[in-house]
Amino acid sequence: MIYKNFNNKNKQLNKKKLNNFIKFKNLIEKYPLLKSLTNNYNYSFQKKNLLNFKKYDEYNLIGMGGSILGAQAIYHFLSHKIKKKFFFYNNLQNIRITKSNKKRLNIIISKSGNTLETLSNLNLILSKQKRNKNLIITEKKNNILRAMANKLRSDVIDHKNYIGGRYSVLSEVGMVPAELMGLNEKKFKRLNYLIKNKKFINFLIENVSSIYSNIIKGKKNCVILNYDEKLSNFLKWYQQLSAESLGKKGKGFFPIISTMPKDNHSLLQLYLDGPKNNFFSFFFSRDRNQFKFNNAFIIDGLEHLKKKSLDQVMYAQKKATQNVFNKRKLSFRSFEIKNKSEETLGELFTFFILETLMLSSLLNVNPINQPSVELIKIETKKILK
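Letter by letter, the sequence shown follows residues 160 to 544 of the numbering used here.
Put into structure tokens, the structure is as follows:
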């Protein structure tokens, strides 16, 4: 992984506070959810108990928000290593239940066990795919999903009550699907190593300080410039993490995902010459195995494409954008991924979880709850009744 911090040098605001914050023992005591990022996390299941679920070739994963975004990010980021097929049901609109001749395993995840969209999708899938078996992950308390598990005679894995959904990717919520994808959950666990890595910690502290500086200067849009389609679901995970954790008391920032270089032809003009209330995050992955352009179709005016690959063109566009951003003095940071592995993705998950918790401390907001979302749930139930 290649990190590049924000180009505009801000004073290192609250650096002492951030250095104290990042001490391992203090972190775990303050945020027990971080135990799931460590290599000695105690799961509520044993791996041998998953063997019976590994015989399936196809899986339905049913959940909302943090209950599904992490597993979806893992599946697409590491698709080159995964032979199993996973189908994700994470919304109600225009849901299509994919028909299959194969028996599938339904993995249903909801911490509360009462998530309306998850229960609705489960109902539809049970109606159309009646041969499927079910595995449920939910809190160990009375809830609708537990009652459904009893009715369906389903296996249940306990969701730890101290881990919120959007922080749960390296707990049972993300690691059970990862194991069923044929991946090794241990390789994702990077906190023990990274917390001792000075380069990682320095970059983390500098980023948090720079983001906080941008926010207090009125730059409250974080535009995420994504140059790799396989990162799109990871970035949706990050979008939820930052928005739901920090968007309280009129604080936080608005994470906007921009697909590049496509958005060069729609939004780039606004980024360069519009309101100066944005800061930017570049995400790029090197893919040196892409085919090169066919020289037989290189005509006059396209000589610069000779012996070039799509990866080289994308890199040039990313680099050109950064050069222009520097000239315009637009604030940005950059993440360049050199290889797609469990370790790399585990490092990304760890970085952004720590970044979010540290920002919540500076902004003085509770990063765990989401009280305003609960208002919509209550109102929806009233209307349906």
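Just so it is clear, CB atoms sit at the ideal spot from N, CA and C, and this is done for glycine as well. None of these values were measured; they are calculated from a predicted model.
Item	Value
Whole-angstrom distance between Asn282 and Arg349, CA atom to CA atom	37 angstroms
With 16 other Cβ atoms within 10 Å as the buried cut-off, status of Leu394	buried
Contact under 9 angstroms by Cβ, Ser135 with Gly406	The shown model of the chain, from 160 to 544, leaves out residue 135, and the question about it has no answer.
Reduced DSSP secondary structure (H/G/I, E/B, other) of Tyr294	Here residue 294 turns out to be Leu, not Tyr, going by the sequence shown. It is a strand residue.
Whether Phe452 touches Phe484 by CB criterion (9 angstroms)	no
Bridge partner(s) assigned by DSSP for Glu495	Ile161, Phe443
C-beta atoms of Leu339 and Asp314 nearer than 9 angstroms	no
Tyr218 - partner residues in DSSP beta bridges	Phe245, Leu264
Closest residue to Asn249 among Glu403, Glu502, Phe359, Leu278 (Cα-Cα distance)	Leu278
Check whether Leu353 and Thr509 have beta carbons under 9 angstroms apart	yes
For Ile416, the three-state DSSP class (helix, strand or coil)	strand
CB contact flag (Asn280, Ile375, <9 angstroms)	no
Thr515 vs Pro526 beta-carbon contact at 9 angstroms	yes
Residue nearest to Gln231 in terms of C-alpha spacing, selected from Arg305, Ser391, Glu217	Ser391
Coarse secondary structure for Leu342, derived from DSSP in three states	coil
Inter-residue Cα distance where the pair is Glu495 and Asp446	11 angstroms
Inside the segment 346–419 only - beta strand (DSSP E) runs reaching at least 3 residues	380–385, 413–418
Lys163 vs Phe441 beta-carbon contact at 9 angstroms	yes
His239: first and last residue of the uninterrupted beta strand (DSSP E) it sits in	Neither: His239 is in no beta strand (DSSP E) and is coded neither H nor E.
Asp422: first and last residue of the uninterrupted beta strand (DSSP E) it sits in	Careful: Asp422 lies outside any beta strand (DSSP E) and carries neither H nor E.
Minimum C-alpha distance to Met307 - residue among Ser203, Gly333, Thr274	Thr274
Close beta carbons around Lys243, own chain, < 8 angstroms, minus the five adjacent residues each side	Tyr215, Asp216, Glu217, Tyr218, Leu339, Met340, Gly341
Given 8 angstroms, three or more beta-carbon pairs between the segment 411–430 and the segment 372–388	yes
Beta-carbon proximity of Ser195 to Leu363, cut-off 9 angstroms	no
Under the three-state DSSP convention, the category Ile316 falls into	strand
Rounded C-alpha distance that separates Ile227 from Gly433	35 angstroms
Rounded C-alpha distance that separates Ile417 from Leu464	Checking the sequence shown, residue 417 turns out to be Ser, not Ile. If I take the Cα positions, the gap works out to 25 angstroms.
Distance, Ala479 Cα to Ile370 Cα	23 angstroms
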